[in-house]
Amino acid sequence: MKVTEHIKRANGKTLFSIEILPPLKGQDVNCTFKTLDPLVELKPAFIDVTYHREEFIYKEREKGLLKRYQVRKRPGTVAICAAIQNHYKIDAIPHLICGGFTKEDTEDALIDFNFLGIDNVLALRGDPIKSEKTFVPKIDGHAYASELIEQVSDLNKGKYLDEDLQEPHKMDFCIGVAGYPEKHFESPNLAMDMHYLKKKVELGAEYIVTQMFFDNQKYFDFVKKCREMDINVPIIPGIKPLTILNQLTSIPQHFYLDLPEDLSTEVMKAKTKEAIKEVGMEWCINQCKELIDFGIPSLHFYTMSNSANTKRIAEAVF
C-alpha cells in the first residue's frame, strides 16, 4: 500500500513508522528481525530501509605501497525490503539515492522493486563518499534528487530509458522526499531550500519526511511555509531521542541542526549516563505528544536499529 493510502485510511489518526539500517556485511537477516520484532508489536504502518554508499579504504601492500579498495559495509537494501514485506506483511520503503548509480542502474533497481510488490520509494540525492568533500554523481547518473524523482515519475508513466520498448508497463510508485525544517546544510538559505522542495513536489513527490529536529516550533514553522508555498502533500516529522552526552556535539555536527537550550542545559545537569538518557527520552516523549496534538500524519522514528528506545517512546505516546 502507498504511504499516502496509509495516511488516508488512518482518517486523521497519527500513524507509527520507523526507519532502520540494513545489517552490516557478515550479519544475516535475523539481525534485522531481532531489531524489528519488538517494534512490529506496535503495528508500524511502514518501515524505511536506508541505503549506504560505497566507501574506499586503503590497505598496505608489499614495499609499503597502499592499494585502494571499494567496500560496502551495509549491502542488501533490496533483499532486506523483500524480506521485511514477506516476513511481516508490512510495507517496506527502500531509500533510492543518486550516488553510485547510473540512470540504467536506477531503472534496474526500480524494476526489481516493482517485481517485488514494493509500492513506495524515498528519493534522495544521498551523501558524498566519505573521502570526498562534495557530492560527485556517477557518469550518466543523477546529480540532484529532483532528477531522480523525474526518472521515477517517468517510469510511472511508462517512459523507460529504452524508447523502443513496445507497450511498456507503467509503474505506480508513491515517491517520498526529504525535507529540512532547519534547511539542508548545502543550501544558501531556507527560502532557496523551500524552492527546490516545491520543485520536487511538482515533479511527482507525494509526501515529505523531515530531517530530525528537537524543537517542534521548527517543524510547525516549516509546515506553515510549505502550505504558504502551495506544498500540500503530507509532511511526516522525523524523530530521534538524544540519549548520550556526546550527542550534544555529534548530532549538530553530523545533521546540521540546533539543539534547544533547555534540552542541552538539562543534559549537562545530569550526573550519570542513566540520568542523561532519561532527560533525552522524556524530552522526546513530550515532543511526540505535542506533535500528535498538532495532527501530524505519522511519527517516523529514526531507530538507528535501537528498538528499545523507540518502543518505550511509542508506547508512551500511542
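One point on numbering: in the numbering used here, the residue at position 131 of the sequence shown is 131, and numbering is uninterrupted.
For each residue, glycine too, the CB sits at the ideal point set by N, CA and C.
This structure is a prediction, so every number in the text was calculated from the model and none was measured.
Item, Value
"Heavy atom of the ligand ADP within 8 angstroms of residue 116 beta-carbon", "Ligands in the displayed structure: none, and consequently the ligand ADP is not present."
"Whole-angstrom distance between residue 119 and residue 260, CA atom to CA atom", "37 angstroms"
"Start-end ranges of the alpha helix (DSSP H) lying completely within the stretch 96 to 183, minimum 4 residues", "103 to 115, 145 to 156"
"Buried versus exposed, by CB contacts within 10 Å (16 or more), residue 136", "exposed"
"For residue 319, the three-state DSSP class (helix, strand or coil)", "Since the displayed the chain opens at 1 and closes at 318, residue 319 lies outside it and no answer follows."
"Spatially closest choice to residue 156 from 173, 167, 164, by CA coordinates", "173"
"Burial state of residue 262 (16 or more Cβ within 10 Å)", "exposed"
"Environment of residue 294 [buried if 16+ CB atoms lie within 10 Å]", "exposed"
"Residue(s) in a DSSP beta bridge with residue 92", "47"
"Anticipated Cβ contact below 8 angstroms, residue 291 with residue 237, distance rounded", "6 angstroms"
"Residue from 125, 54, 33, 100 whose Cα sits closest to the Cα of residue 89", "33"
"Option in 273, 35, 179 with minimal Cα separation from residue 223", "179"
"C-alpha distance - residue 4 paired with residue 207, whole-angstrom precision", "7 angstroms"
"Helix, strand or coil at residue 233 [DSSP, three-state]", "coil"
"Beta carbon of residue 298 nearer than 9 angstroms to that of residue 97", "no"
"C-beta atoms of residue 123 and residue 200 nearer than 9 angstroms", "yes"
"Contact the stretch 34 to 50 vs the stretch 16 to 26: 3+ CB pairs below 8 angstroms", "yes"
"Residue 31 versus 316, 283, 307, 313, residue with shortest Cα-Cα distance", "307"
"Local conformation of residue 16 per DSSP, three classes", "strand"
"Integer Cβ distance of residue 50 from residue 23, believed to fall under 8 angstroms", "Going by Cβ atoms, the distance from residue 50 to residue 23 rounds to 12 angstroms, so no, they are not a contact pair."
"Among 282, 228, 185, 279, the one whose alpha carbon lies nearest that of residue 256", "185"
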